[in-house]
Each structure stands twice: as C-alpha cells, then as structure tokens.
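Everything below concerns the one structure shown next.
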Amino acid sequence: MTASPSPPNVYLPANFKMSNAQLAFFLREAQITGQTVGGSGKSSSSPSTGHPLQRSESFVVFQTKDLPAINISFGPFSRDQAVSKELLQPASPLDIPGQLTVNWKVRAFIVQARVFSNNPTVQVFFYIAGRDWDDFKAQDKLPCVRLHAFRDVREIKTSCRMKGNLAQCLAQLDLPPSWFNTNVAPLGRRKGSSDGLLDGLTSETLQAELYYTLHGPNLDGECSEGSGHRGAGVSRGEPLSQHPLLRIGSISLYQASQEQLLVDKQLDKNMFLRLPEKPLKPGETLRIFLYLMPNSTVEQFSLK
Numbered sequence: 001m002t003a004s005p006s007p008p009n010v011y012l013p014a015n016f017k018m019s020n021a022q023l024a025f026f027l028r029e030a031q032i033t034g035q036t037v038g039g040s041g042k043s044s045s046s047p048s049t050g051h052p053l054q055r056s057e058s059f060v061v062f063q064t065k066d067l068p069a070i071n072i073s074f075g076p077f078s079r080d081q082a083v084s085k086e087l088l089q090p091a092s093p094l095d096i097p098g099q100l101t102v103n104w105k106v107r108a109f110i111v112q113a114r115v116f117s118n119n120p121t122v123q124v125f126f127y128i129a130g131r132d133w134d135d136f137k138a139q140d141k142l143p144c145v146r147l148h149a150f151r152d153v154r155e156i157k158t159s160c161r162m163k164g165n166l167a168q169c170l171a172q173l174d175l176p177p178s179w180f181n182t183n184v185a186p187l188g189r190r191k192g193s194s195d196g197l198l199d200g201l202t203s204e205t206l207q208a209e210l211y212y213t214l215h216g217p218n219l220d221g222e223c224s225e226g227s228g229h230r231g232a233g234v235s236r237g238e239p240l241s242q243h244p245l246l247r248i249g250s251i252s253l254y255q256a257s258q259e260q261l262l263v264d265k266q267l268d269k270n271m272f273l274r275l276p277e278k279p280l281k282p283g284e285t286l287r288i289f290l291y292l293m294p295n296s297t298v299e300q301f302s303l304k
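Numbering-wise (the UniProt record's numbering), the sequence shown opens with residue 1 and increments by one.
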C-alpha cells in the first residue's frame with residue numbers, strides 16, 4: 001500500500017499590485033536546501049496563509065513621497081486601498097509636511113557619551129533619514145528639535161532648527177556643576193567604572209538621560225526654547241509638553257581629576273585639537289579630539 005501524494009496547496013488566485021511607490025517589493029518565501037526561509041514551512045509556490053478563500057501578502061516600502069496604494073483584483077472584481085501612514089513611519093507629534101518623503105525618520109547621534117566636569121558640554125547631532133534628496137522645497141518645512149537632559153528631578157533643554165539640504169542640526173547643552181556632584185545621585189543611578197581608559201576618575205559613574213521632542217518653528221522661522229532659558233534648571237513638576245518625549249540614550253558624567261584636564265591646541269584658522277595636559281607613559285592610550293572652529297566654513301579636510 002503506497003501513500004498518495006499530498007494535494008497541492010489551494011489559495012485564492014488574486015492579483016496584487018502596488019502604485020504610488022518609488023521603491024517597494026512584495027515578499028515571497030524562499031526555500032534553501034529543503035528549508036523555508038521567511039515563512040512557516042509552507043511551499044514557496046503558495047502565498048496562501050490560512051483559509052483557501054483568504055489571501056494575504058507581505059510587502060515592504062523603502063521609499064515613497066505619496067501614500068502607496070494596493071490594488072487587488074480577482075476576475076471581474078477589483079479594489080484599491082491606500083496604505084495607512086502609520087504603517088510607513090513612526091508616530092509623530094507633527095503634521096508631516098507633504099514635501100518630505102512619507103517614510104522619513106529623525107535620527108539622533110550623541111557626539112560624546114562621556115562628559116567631564118571640566119568640559120560639561122553635551123552635543124547631539126540630529127538629521128532626517130528617508131527624505132527625498134532631490135526635493136529641496138522641503139527645507140522651509142523642516143521641524144525644530146528640542147533636546148532634553150534629565151538628571152534626577154532636574155531638567156535642562158535647548159532647541160535647534162533642522163536646516164540645509166541635509167536636514168540636520170546640532171543641539172548643545174552646558175551642564176551645571178551640580179550635576180557632577182556624587183552626593184546628590186540617588187541609588188540605582190550609579191554604576192562602577194571599570195574602563196581602563198578612565199583610570200584616575202572616581203569609582204562611580206553618574207548617569208544623565210537624553211530625550212528629544214519635535215515642534216514647529218515660530219512665525220520668524222526660529223525655534224523657541226520652551227519654558228526656561230537655555231541651560232536653566234527646570235523641574236519635572238512643570239506641565240508636561242504636548243509632544244511626547246522620545247528617548248535618545250544615556251551619557252556618563254565624570255568629575256575630572258588633574259590628570260584628565262584637557263588643553264586646546266589650534267592647528268589653523270579652521271581646526272583645533274583637544275588633548276590631555278599630562279605626560280604620557282609608554283603604551284598609554286591617548287585620546288585626541290578634533291574640532292572645527294565656530295566660524296569655520298570648511299566642508300572637507302584631510303587628516304594625516
């Protein structure tokens with residue numbers, strides 16, 4: 001007695017098409033050496049997932065300026081439906097300008113995650129990814145970014161306006177000296193320092209949390225600082241912003257000893273170095289920071 005072969009999978013033979021998308025793909029299961037990749041073990045020839053009278057398809061949208069639409073046809077029947085914006089981009093407190101690509105995202109990069117008391121400056125670089133780089137009309141519609149720094153119940157904040165063809169800005173905060181005081185750190189916000197590059201520092205590392213919010217510019221095209229001046233201490237007990245706080249990450253705060261004092265050495269009218277002001281030991285790791293002068297207009301340079 002021989003076993004009869006299993007019947008082929010039955011699925012609804014509907015046709016799927018996508019329009020209004022610059023770069024998008026429908027996904028299919030792939031079989032490699034008898035194993036299905038990207039699916040649940042069904043044959044790659046069958047896109048069905050469930051009841052034979054039901055049909056589902058997976059797709060990914062890489063770039064689009066308009067909301068893409070899905071067309072489904074089956075025999076004489078046809079239907080179009082636009083893809084919801086919420087499926088293409090994260091939730092945003094702003095009404096996203098139509099000039100930006102639908103799947104735009106704000107990215108944040110902490111310039112230096114270790115901040116010393118002798119140079120208490122926090123810098124976060126913001127830029128927009130996923131925008132249409134060929135459309136320069138969107139520059140006037142770019143949002144403001146407000147950087148929030150929290151240390152226990154204290155908060156300081158500042159804003160910067162995304163500008164230019166690259167839709168970027170640099171937010172900078174100067175932390176007050178009290179933020180580096182270990183006596184006010186609550187339990188659970190300290191951790192031991194085991195990094196060999198930080199020898200000579202206190203054995204405890206203080207943490208500050210960084211968040212950002214998005215808001216529109218004022219009538220003059222500038223970014224308001226919100227409640228409190230730049231660098232001023234603001235209590236978390238104030239009314240919360242109408243825009244949600246989006247987390248960036250943590251920074252470590254250190255009390256710099258005499259060995260960690262830094263000195264600036266100017267290279268030319270555009271650049272300067274910041275390096276430790278102490279004698280070096282054989283085999284010691286040296287960290288040198290390279291900076292552009294505030295009034296520099298140089299766009300490219302060679303580092304040798």
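We put the CB at the ideal spot given by N, CA and C, even for glycine. Values in this document were obtained by computation on a predicted structure and should not be read as measured data.
Selected residue, minimal CA-CA separation from Leu82, among Ile248, Pro68 and Tyr212:
In the sequence on display, residue 82 carries Ala and not Leu. If we check each option's Cα against that of Ala82, Pro68 comes out closest.
Let me know if Ile288 comes out buried or exposed under the rule of 16 or more other beta-carbons within 10 Å of its beta-carbon.
Answer is exposed; the Cβ neighbour count stays below 16.
Exercise. In or out: Thr205 buried (at least 16 other Cβ within 10 Å) or exposed?
Worked result: Buried, because 16 or more other Cβ atoms sit within 10 Å of the Cβ of Thr205.
>> For chain D, check one thing: does any of its Cβ atoms lie closer than 9 Å to the Cβ of Glu209?
In response: Among the chains in the structure shown there is no chain D, since it carries only a single protein chain.
request  = Report yes if the C-beta distance between Leu173 and Lys163 is below 9 Å; otherwise report no.
outcome  = With contacts defined as CB atoms closer than 9 Å, Leu173 and Lys163 fail to qualify as a contacting pair.
| query | How is the beta strand (DSSP E) around Lys276 delimited, first residue to last? | reply | Inspection of the sequence shows that residue 276 is occupied by Pro rather than by Lys. Looking at the DSSP string, the run of the beta strand (DSSP E) that includes Pro276 is Met271 to Pro276.
### DSSP-derived helix/strand/coil call for Thr182
DSSP places Thr182 in helix when its eight states are reduced to three.
- [ ] State the start and end residues of the unbroken beta strand (DSSP E) segment that holds Met162.
- [x] Counting along the chain, Met162 falls outside any beta strand (DSSP E), and DSSP gives it neither H nor E.
Considering only the alpha carbon of each residue, which of Arg107, Phe77 and Lys141 lies closest to Tyr211? Scanning Arg107, Phe77 and Lys141 for the CA closest to the CA of Tyr211 turns up Arg107.
- Following the continuous beta strand (DSSP E) through Phe59, name the residue where it begins and the one where it ends. Where Phe59 is concerned, the enclosing beta strand (DSSP E) stretches over Ser58 to Gln63.
What did DSSP end up calling Lys105 once you bin it into helix, strand or coil? DSSP places Lys105 in the strand class (E or B) of the three-state scheme.
- Task: Since I believe Gln168 is in contact with Phe116 (beta carbons under 8 Å), could you give me their beta-carbon distance rounded to a whole number of angstroms?
- Result: Contact check for Phe116 and Gln168: beta-carbon distance about 26 Å, past the 8 Å limit, so the pair fails to qualify.
- In three-state DSSP terms, what is Val263? In this structure, Val263 counts as strand in the three-state DSSP scheme.
Suppose contacts are defined by Cβ-Cβ distances below 9 Å. Is Ile251 in contact with Ile128 by that definition? A distance of 9 Å or more separates the beta carbons of Ile251 and Ile128.
Note to self: With H, G and I counted as helix, E and B as strand and the rest as coil, what does DSSP make of Leu67?
What the structure shows: When secondary structure is reduced to three states using DSSP, Leu67 falls in the coil class, being assigned neither helix nor strand.
Measuring from the CB of Asn295, is there a heavy atom of the ligand SAM at a distance below 8 Å?
-> Only the bare structure without any ligand can be found here, which leaves the ligand SAM out of the picture.
query = Around the Cβ of Phe180, are there at least 16 other Cβ atoms within 10 angstroms (buried) or fewer (exposed)?
reply = Buried: at least 16 other Cβ atoms inside 10 Å.
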